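Here the structure comes first, spelled out in structure tokens, and everything after it is commentary.
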Amino acid sequence: MKRERFRIPAVIILVTVSLAGLIALQVYLLSASYREKEQAFDRTVLVALNDAAQSLEKDEAASKIFSVAMQVPPAPPSRKRKTVKTAQNFSWVFTDTGRTDGTMRVEVFHSSGIDTLTRVMVNGRPGGGRIASSYRYRTGDPGMTMTATFDDSVRLVLQDTARRRRGAIVSQVVDKLFLLETKPLGERLERARLDSQLARSFAEAGIRLPYAYAVFGGDTAAMANDSLRLDALRSSSLSTRLYPNDMLSSKYRLSVLFPDRTSYLLGEMALLLSLSGLFIAVAAAAFVTVLRTLAAQRRAASSLVNFINNMTHEFKTPISTIALASEAIARPETARSRDRLTRYNRVIAEENARMKRQVEKVLQIAVLEEGDAAMKREPVEMNAVVRQAASVAAVAAEQRGGSVTVRTDAAGSTITGDPVHLSNIVHTILDNAVKYSSGPPAVTVTTADRDGMLAVTVRDRGIGIAKEHLPRLFEKYYRVPTGDTHDVKGFGLGLSYVKLVTELHRGSVSIHSVPGEGTTVDVLLPAAGSGR
21 MKRERFRIPA VIILVTVSLA GLIALQVYLL SASYREKEQA FDRTVLVALN
71 DAAQSLEKDE AASKIFSVAM QVPPAPPSRK RKTVKTAQNF SWVFTDTGRT
121 DGTMRVEVFH SSGIDTLTRV MVNGRPGGGR IASSYRYRTG DPGMTMTATF
171 DDSVRLVLQD TARRRRGAIV SQVVDKLFLL ETKPLGERLE RARLDSQLAR
221 SFAEAGIRLP YAYAVFGGDT AAMANDSLRL DALRSSSLST RLYPNDMLSS
271 KYRLSVLFPD RTSYLLGEMA LLLSLSGLFI AVAAAAFVTV LRTLAAQRRA
321 ASSLVNFINN MTHEFKTPIS TIALASEAIA RPETARSRDR LTRYNRVIAE
371 ENARMKRQVE KVLQIAVLEE GDAAMKREPV EMNAVVRQAA SVAAVAAEQR
421 GGSVTVRTDA AGSTITGDPV HLSNIVHTIL DNAVKYSSGP PAVTVTTADR
471 DGMLAVTVRD RGIGIAKEHL PRLFEKYYRV PTGDTHDVKG FGLGLSYVKL
521 VTELHRGSVS IHSVPGEGTT VDVLLPAAGS GR
């Protein structure tokens, strides 16, 4: 027995620990998944930030190069002669870099013999464009044809000039960029440019969340699109250096913040969270159902044990009485006295009828619960039923110095139902009201019309019922605990029978009680013609 007593609590503890462990594991896995998505999101943001910073820096450098290149003045007029040794004999190269359109002219005179002279004139831009490599040149002598050739020396002259020009541009660009580093951020970067670049970089990275950003020079915000979030932006881990390749150390830091990041990441995990929540809810519901079922079974087992004890106690007295009466009848002197025989026979018959009623009540409830009972459906005048039941209860009340007051105020007191069962529920309620009165019983029973229903109300001034017992009063076999005393007889079947019959008639029953003040029982039954 001791093992059985501890088995169910042990099972409950093990299942509880297992379910708690599963829930904790699921929460841990979900948290790990969230952290992983959070880290991936942060990495994507940082890559986009670095891309934006590099694009801004490249655009700044390109802008300065273009502006300097456009501002380089043309070189002063000059004409240089250069003699170079070529593969065949000698060449004279004349260069003219003083042209106003930024191009240069190269003239090459080449002699490969006393009767051959080649002249090449080439126009081009230093370092760019294509140069015609040959053309036909006809002199005044119709019989003489000169062939234009292109010598490597021309290319060398053009490349040298282009290098000098690029060197001048680069020198000026470096000077301008160095000076630019010392200027305030507002003179170096427009907010609209930063907005555009950030939006483009985030869009290319697939990030389409609203964001706040700020550029800090030390702890001071030099530029921001949301001044209310400066403190959060100052401590944000999503930041990068602006202009990281400055010759002087970059003092600006670009920070961003996504206010909806948490909701966005949870939205990305919506399916996983929903399925996990569903499985946890199903497991928890199943566990709670098992616990409630076990608790109900334990209560039912306890109530059944109490029922058996009460039934044994209830049957013990009539059985003992019948046994004593039978022994008395067996005596010779009793056989000679007709009055004694009659009295003992009456005692045996009464006790036998008492046990029969108890057994029939148990069987009747069992049949009603199984739904095998054939409920009659005929008009029943409840005012008459109440008056008849009250007259029976009044006899028991008067024996204890009490009374039963009847007030039948219901105008439509006719209902459709089983007259025997309806009479039994009124008898049961009145019997309880009389039995559970500590002093002289003072019971009142009334009928009234209530919203198309017939209300039968029984009030007493008995011992009352504690609040914690009220929810279980209609359970089968349940009796309010009274310790080891059995002052009031019963099996704990009365109120469960009342509830069952009332519900079979599409009605309801409720109990209101205050310890030491009494109890009120309300039975509502659909009146005939109410359509219920």
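Each residue of the sequence shown is one higher than the last, beginning at 21 in this note's numbering.
Idealized CB from N, CA, C, for every residue including glycine.
Note that this is a predicted model, so its numbers are computed, not measured.
Between the alpha carbons of Arg470 and Val541 lies a distance of about 15 Å. Shortest Cα-Cα distance from Ser296 to any of Leu45, Ala548 and Ile32 involves Leu45.
If you keep only unbroken beta strand (DSSP E) runs of at least 3 residues inside the region 216-248, you get 232-237 and 240-244.
Membership of Val543 in any alpha helix (DSSP H) is not indicated; the residue belongs instead to the beta strand (DSSP E) covering Gly538 to Pro546.
Residues Thr467 and Val543 of the same chain have their beta carbon placed closer than 6 Å to that of Val476, with the five preceding and five following residues left out of the count.
Taking a contact as a CB-CB distance under 8 Å, the pair Leu218 and Met243 does not count as one, their CB atoms being some 11 Å apart. A direct Cα-Cα distance of roughly 7 Å separates Ala430 from Leu474. Secondary structure of Pro399 (DSSP, three-state): strand. Three or more pairs of CB atoms, one per stretch, sit closer than 8 Å, so the region 419-435 contacts the region 457-464. Ala234 and Leu258 do not touch by the CB rule: their CB atoms are close to 11 Å apart, not below 8 Å.
Each of Ile385, Ala417 and Pro29 was checked against the Cα of Glu495, and the nearest Cα belongs to Ile385. Taking C-beta atoms as the reference points, His441 and Val521 count as a pair closer than 8 Å. Taking the CA atoms as reference points, Phe236 sits about 8 Å from Lys271. Measuring C-alpha to C-alpha distances from Ser53 to each of Met289, Thr309 and Leu298 identifies Met289 as the nearest. Between the C-alpha atoms of Ala232 and Ser294 there is a straight-line separation of about 30 Å.
Secondary structure at Val302: helix, using DSSP grouped into helix, strand and coil. In the DSSP assignment, Val478 forms a beta bridge with Val465 and Val541. Cα atoms of Val478 and Arg319: separation of roughly 29 Å, rounded to the nearest angstrom.
Linking Asp451 to Leu39 through their CA atoms gives a straight-line distance of about 49 Å.
For Ser457, the three-state secondary structure derived from DSSP is coil. Secondary structure at Arg351: coil, using DSSP grouped into helix, strand and coil. In this structure, Thr434 lies near Ala548, with their beta-carbon atoms less than 8 Å apart.
The beta carbons of Gly432 and Gly482 sit no closer together than 8 Å.
Under the 10 Å beta carbon count, Asp280 is surrounded by fewer than 16 other beta carbons and is classified as exposed. If you compare the alpha carbons of Leu49, Met331 and Asp71 with that of Thr260, the shortest gap goes to Asp71. Shown here, Met375 sits in a helix according to DSSP, grouped into three states.
Shown here, Leu209 sits in coil according to DSSP, grouped into three states, outside any helix or strand. Counting the other CB atoms within 10 Å of its CB gives Ile33 a total below 16, which places it among the exposed residues. Rounded to whole angstroms, the gap between the alpha carbons of Ala416 and Val310 is 46 Å. Secondary structure at Met331: helix, using DSSP grouped into helix, strand and coil. In the structure shown, the three-state DSSP call for Arg499 is coil. Taking 8 Å as the upper bound for CB-CB distance, Lys381 and Leu513 are in contact here, some 6 Å apart. Beta-bridge pairing by DSSP links Met289 to no other residue. Comparing alpha-carbon positions, the option among Ser533, Tyr498 and Tyr48 lying closest to Ala316 turns out to be Tyr498. Shortest Cα-Cα distance from Val276 to any of Asn245, Val465 and Pro264 involves Asn245. Looking at the DSSP output, Tyr272 bridges to Gly237.
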